[in-house]
Every structure is written in structure tokens, then in C-alpha cells.
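Numbering (the UniProt record's numbering), first residue to last: 1 to 201.
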């Protein structure tokens, strides 16, 4: 018994003259490029580690600054310590707060590395980094004014320069102020990086 074959003929239709054939085109969107954002996030994390070192060094050096002159009598002792000046006390407290914030901000910085397009953590870091710029700059500026007076004095106010006698004390507080300004500069870089990462194409 022979099998019957069925053939279906499809007639080719030609497009009408003057009309272009309808063609469906699908444009595939390129995946978002997260490479440069991830690079910024990694650089942000490294800068935070550097800022932790600078802020901790500033607080530790200033908090341990103390010098007693070798010549003293039974009733008088010449001593210089950071807690004798409110500006230096504010400096230590401010840098301790900044150091604690930087340690707490590290997990959020890691989140921005894993998820470069996450807006929430980056915006949160931007806000708090801006606050820490103000706090660090204020503490460093206040301490720098006292260090300037310790080095040069003020003849108009009869304030005598003490760095000729308390050389080690002035050297340590000057180093602490420099470290605080380094931390403030790093914070400015962090704010700029966060603003760049939040910028839309």
C-alpha cells in the first residue's frame, strides 16, 4: 500500500510598489558598564583606610602629648599637656569620632564595591562624609591656631611663645595637626568620588 504524500505550496507575496516591506528589528541594549564605578568604589575603600590611619594617628599623638621640664622646684612644676587647652581636647574628641565613623563606614564602602550601581549606600556615605569634612576641618583649624601661638606667641596680648621651652610638646602637637589636615583632605576626595559615582550619564 503506497503512502500518499501531501505537499503544501506557499505562495510568495511580493511587496507592493512604493511600500517598504515591514521588518521587525529588535535592538538589544548594551549592559551597563559598571567598571569605572567599581574602580571608584575600590579607590573609596582604600582612601577610607588611609583616613582611618591619619585620624587615629592625630587623636593618639595629641592625646598622649605631655612634657615636663627637667627644672622644677618643690612648689612649681613646669608641665604642658594637651588637656590644659580646650582646643586640643576638642581636637582629640573630634578625631576619635571621625575614626569611629570611618570604621563604621567600611561595610557600606564594601557594598558599593559589590553593587556599584547602588544609590542608597553611596548617598548615605556622601552625606556623612560631608559632615565629617566640617568636623575634621574645624578641629584641625582650632588646634592649628593654638600651635601657631605656641610657636610665635602674641606680643599684643602678652602671650609668650612656649615652644622654645616645650620643644617636644610643640613637635608632637604640630604633627597631630598635620595628620588631621591630611584626614580632612582625604574626606574631600571621598566626597568628590561619591558625587562622581552618583552622577548619571
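Using N, Cα and C, we set each Cβ at its ideal position, and we do this for glycine too. Nothing here was measured: the structure is a model prediction, and the numbers come from that model.
Start and end residues, alpha helix (DSSP H) containing residue 36: 35-63
Return the CA-CA distance between residue 123 and residue 102, expressed in angstroms with no decimal places. 15 Å
Span separating the alpha-carbon of residue 128 from that of residue 163: Residue 128 and residue 163: Cα-Cα distance of roughly 37 Å.
For the structure I just gave you, are there three or more beta carbon pairs, one from the stretch 48-66 and one from the stretch 179-194, closer than 8 Å? Contact between the stretch 48-66 and the stretch 179-194 is present, because at least three Cβ pairs lie under 8 Å.
Could you give the distance in angstroms between the alpha-carbon of residue 97 and the alpha-carbon of residue 106? 15 Å
Counting C-beta neighbours from all protein chains within 10 Å, is the total for residue 199 16 or more, i.e. buried, or is it exposed? It counts as exposed.
Check whether the stretch 35-43 and the stretch 107-123 touch, using three or more Cβ-Cβ pairs below 8 Å as the test. yes
Helix, strand or coil: how does DSSP classify residue 158 here? For residue 158, the three-state secondary structure derived from DSSP is coil.
Cβ neighbours of residue 111 in the same chain (closer than 7 Å, five flanking residues each side left out): Around residue 111: 118, 121.
The stretch 153-162 / the stretch 130-140 touching (three or more Cβ pairs under 8 Å): Contact between the stretch 153-162 and the stretch 130-140 is absent, because fewer than three Cβ pairs lie under 8 Å.
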